[in-house]
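Residue numbers (my numbering), protein chains in the order written: chain Y, -11 to 413; chain V, 199 to 374.
For glycine and all other residues, C-beta sits at the position ideal for the given N, C-alpha and C.
Following: one structure in structure tokens, then a few remarks.
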Amino acid sequence: MTTVEERYDFSAKAKKNLFVTIGTGILITVLGIVLMSTDGHHEDVAHDAEHGFSWVNRLAVDIWINNIYFTGLAIVGVFFFALQYAAQAGWSASIKRIPLAFGNWLPYAGVLMLISFFAFGHDIFHWTHHDLYDINSHDFDSIINNKKGYFYWPLSEHPSVPVFFIGRMLLFFGLWYYLFHKLRNLAFKEDLEGGTAAWYKMRKLSAAFLVIFAVSSSVAGWDWVMSIDTHWFSTMFGWYVFASWWVTTLALITFIVIILKEKGLLSIVNQNHIHDLGKFVFAFSVFWTYIWFSQFLLIYYANIPEETIYFVERWRNDQYGTIFFVNLFLNFVFPFLLLMPRDAKRHSAILKVVTPIVIFGHWIDFYLMITPGTLKANGGYGLVEFGTMLVYGGAFLYVVLNSLSKAPLFAKNDPMLQESLHHHV
Amino acid sequence: MSNSKFILGVYEEEDILLLAIKNVRAAGVKIHEVYSPFPVHGIDDVLGYKRSKLSIAAFMFGLLGTSLALTLQVGMMGFDWPMIIGGKDFIPYPSFVPVIFELTVLLAAYGMCFTFFIISDLKPWAKPRIFDLRITDDKHVMAIDLDKNHLDVGKLDKLLKDSGASEVNQKNFDDV
């Protein structure tokens, strides 16, 4: 079988559509803010008299949700790419360029996250309040004070800037981007030079990346998400965040592959590759549920107040009680039942319905991880949530598609390409 | 099934075998079965096999397991001998999930396995028809039931030879 180089053309129309999406998102967000500051404001203030609540808090939290969610998509795209090399997988040679393109969001994600932390850190993270660590203060919190080193080391005497926390953030984004950059360069070098040298180098680099990613993704989950509920902790949390990121990325890869295929591109991708991607989405939806439930069941069963508070805030709560079950339906029941038959995974019609459900469902999952701990009773879901999601989604897709159009859609010199062409399941 | 006659085409390579199956079927011959020492990719497609309904059976057995686990636990914990455990309700559904999962998987696996044994007529006392001992070693064998094909042996012999068979044999069974 011969292969002709294929390129994705990021057309002016597609660019315009994404700009319209971002513009609509900004409009919807502004509209939501205006409505919030005129309507219902007086009601919210009564709930939370201590901390004055305003639309800034809600916007900050929504931005943080999107930061986490899209950072995850970017880095787990690179993780998928690296995994293929470390596992010496052959089938995926035809689709590897798509997850690789996700990594281009990393520098933007890092900058956005740093800026958001400095701009809104106090609205999101309770532990950033200085009087928590002041023994003479009324607000002194001995539990958080004991965790001080995790955020402020080595400046633990008079904490001002969380050096250790920000250092980790910089380190992770730095490492991730560095390794992504090296992998991408090797991949493009292979296009020009051929041979197997690049493949072997990428395999070594991928193995190193996987080790670094295993640690950094977990710590990132504790830092950026779990530390919001500062008193609470769960040893499963790193995996839980990773499982959510991973299945979202798999769903997005599948969705983009199907859309590109419908545009007549990716001619070397056949039903068997689609089937494998479908199996990935199905299997890791179940994996996410397994992790989610493992965390939930132990806390439910042990019934220790300092642990159950996490689910009391989310499940036994008028505000989030419904969405708590929506989360399980979107991310478990739908993909589990809809993707169970073999044909559903082989044909794009059902995958095209299920993957957006999963992609949206995991946004809801991150919403549930972040909002109840930050906004408490003032949280909600409305225009601001939807608008910020559109802005970030549009920007992310713009960066990804733009970089996808800069290189061939599959590596013609990949040593695994022949295996991928003959893939049969 | 008594006194059945088969004509056997013996093939050396799986690529030749796949092509031969296509050609033989195109000539209007019904193939009884093809035996190979290892799984051959794409062989069920060229043989025109319909997808097995085994997965539906597995799903049904899984559902049976789910309902059995629910009935078991709700019956025992809710009605037969209610106990307060950890301050939970008498019927705490989240605690039931591990057992629901285990019984679903157990019944789906066993159910699928035994369904497969039954539809494949696999039993310890079954007397297998051995067409050619070399199918467990290095030869692929295509078996054609002479009673079901109204072609004479000479023509079939030529057809199989032309399609790449290294030898063509006959085999008779007079089992019950």
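| Check | Outcome |
| --- | --- |
| According to DSSP, simplified to helix, strand and coil, what is ALA48(Y)? | helix |
| Write down the C-beta distance between SER82(Y) and GLN72(Y) rounded to the nearest angstrom, noting that I regard them as a contact closer than 8 Å. | Between GLN72(Y) and SER82(Y) the Cβ distance is about 11 Å, and since that is not below 8 Å, they are no contact. |
| What is the DSSP secondary structure of LYS203(V), counted as helix, strand or coil? | strand |
| Can you round the beta-carbon distance between LEU318(Y) and ILE345(Y) to whole angstroms, since I take them to be within the 8 Å contact cut? | 6 Å |
| Any Cβ of chain V within less than 7 Å of the Cβ of TYR288(Y)? | yes |
| Using a Cβ-Cβ cutoff of less than 7 Å, which residues in the same chain neighbour ALA271(V) once the five nearest sequence positions on both sides are dropped? | Looking at the sequence shown, residue 271(V) is not Ala but Gln. Counting only Cβ-Cβ distances below 7 Å, and skipping sequence neighbours, we find PHE294, VAL297. |
| Quick check: what's the CA-CA separation for VAL316(V) versus PHE329(V)? | The residue you asked about is not Val; residue 316(V) is Ile in the sequence shown. Each residue's Cα considered, the two are about 22 Å apart. |
| Which residues does DSSP pair with GLN368(V) in a beta bridge? | ILE205(V) |
| Since MET157(Y) and LEU100(Y) are thought to touch, with beta carbons under 8 Å apart, how far apart are those beta carbons, to the nearest angstrom? | Incorrect: roughly 12 Å between the Cβ atoms, too far for contact. |
| Which bits of chain C does PRO280(V) rub up against, with CB to CB less than 9 Å? | The chain inventory of the structure shown lacks chain C, comprising the protein chains Y and V. |
| If you draw a straight line from the alpha carbon of MET357(Y) to that of LEU217(V), how long is it in whole angstroms? | 57 Å |
| Are there 16 or more other CB atoms within 10 angstroms of the CB of PRO87(Y), so buried, or fewer, so exposed? | buried |
| Using a Cβ-Cβ distance cut-off of 7 Å, determine whether HIS412(Y) contacts chain V. | yes |
| Please specify which runs of the alpha helix (DSSP H), each continuous and at least 4 residues long, are wholly inside the stretch 71 to 128 of chain Y, giving them in chain order. | 85 to 90, 94 to 112 |
| Can you name the residues of chain V whose CB is closer than 9 Å to the CB of PHE284(Y)? | PRO292 |
| Using a Cβ-Cβ cutoff of 8 Å, what residues of the stretch 266 to 285 of chain Y are near chain V? List them in chain order. | PHE281, PHE284, LEU285 |
| Could you name the residues that DSSP lists as bridge partners for GLU(-7)(Y)? | DSSP, once it has assigned bridges, lists no residue as partnering GLU(-7)(Y). |
| Is the Cβ of GLY284(V) closer than 7 Å to any Cβ of chain Y? | yes |
| Run through chain V and tell me which residues come within less than 8 Å of ASN54(Y), C-beta to C-beta. | By Cβ distance, chain V contributes nothing, its closest Cβ being about 31 Å from ASN54(Y), past 8 Å. |
| Could you tell me if THR310(Y) is buried or exposed, where buried requires 16 or more neighbouring beta carbons within 10 angstroms of its beta carbon? | exposed |
| In or out: ASP217(Y) buried (at least 16 other Cβ within 10 Å) or exposed? | buried |
| Mapping DSSP to helix, strand and coil, what is HIS35(Y)? | Note that HIS35(Y) scores 47 on pLDDT, short of 50, meaning its location in the model is unreliable and no value can be drawn from it. |
| In whole angstroms, give me the CA-to-CA distance for HIS35(Y) and PHE299(Y). | Since pLDDT at HIS35(Y) reaches only 47, below the 50 mark, its modelled position is unreliable, and the value read off the structure follows with that caveat. C-alpha separation (whole angstroms): 20 Å. |
| Check for me: the beta strand (DSSP E) holding TYR233(V) runs from which residue to which? | 231 to 233 |
| Opposite HIS338(V) in the DSSP bridges: which residues? | TYR209(V) |
| Could you tell me the distance, in whole angstroms, from the CA atom of ALA307(V) to the CA atom of ALA256(V)? | 7 Å |
| Is the beta carbon of TYR(-4)(Y) less than 7 Å from the beta carbon of SER393(Y)? | yes |
| I'd like to know whether the C-beta atoms of HIS263(Y) and LYS189(Y) end up nearer to each other than 7 Å. | no |
| What would DSSP say about PRO396(Y), mapped onto helix, strand or coil? | strand |
| Less than 7 Å between the C-beta atoms of VAL414(Y) and PHE168(Y), yes or no? | Because chain Y spans -11 through 413 in this model, residue 414(Y) falls outside it and cannot be assessed. |
| Count the C-beta pairs between the stretch 392 to 407 of chain Y and the stretch 334 to 351 of chain V that are closer than 8 Å, then say yes if the count reaches three, no if not. | no |
| What residue range does the alpha helix (DSSP H) around PRO292(V) cover? | 291 to 317 |
| Identify every residue that forms a DSSP beta bridge with ASP170(V). | Chain V is shown only over 199 to 374; residue 170(V) falls outside these bounds and no answer can be derived. |
| Starting from GLN283(Y) and walking both ways along the alpha helix (DSSP H), at which residues does that stretch end? | 259 to 290 |
| Using a Cβ distance threshold of 8 Å, determine whether the stretch 125 to 139 of chain Y contacts the stretch 186 to 203 of chain Y, with at least three qualifying pairs required. | no |
| Can you tell me whether DSSP reads ALA175(Y) as helix, strand or coil? | helix |
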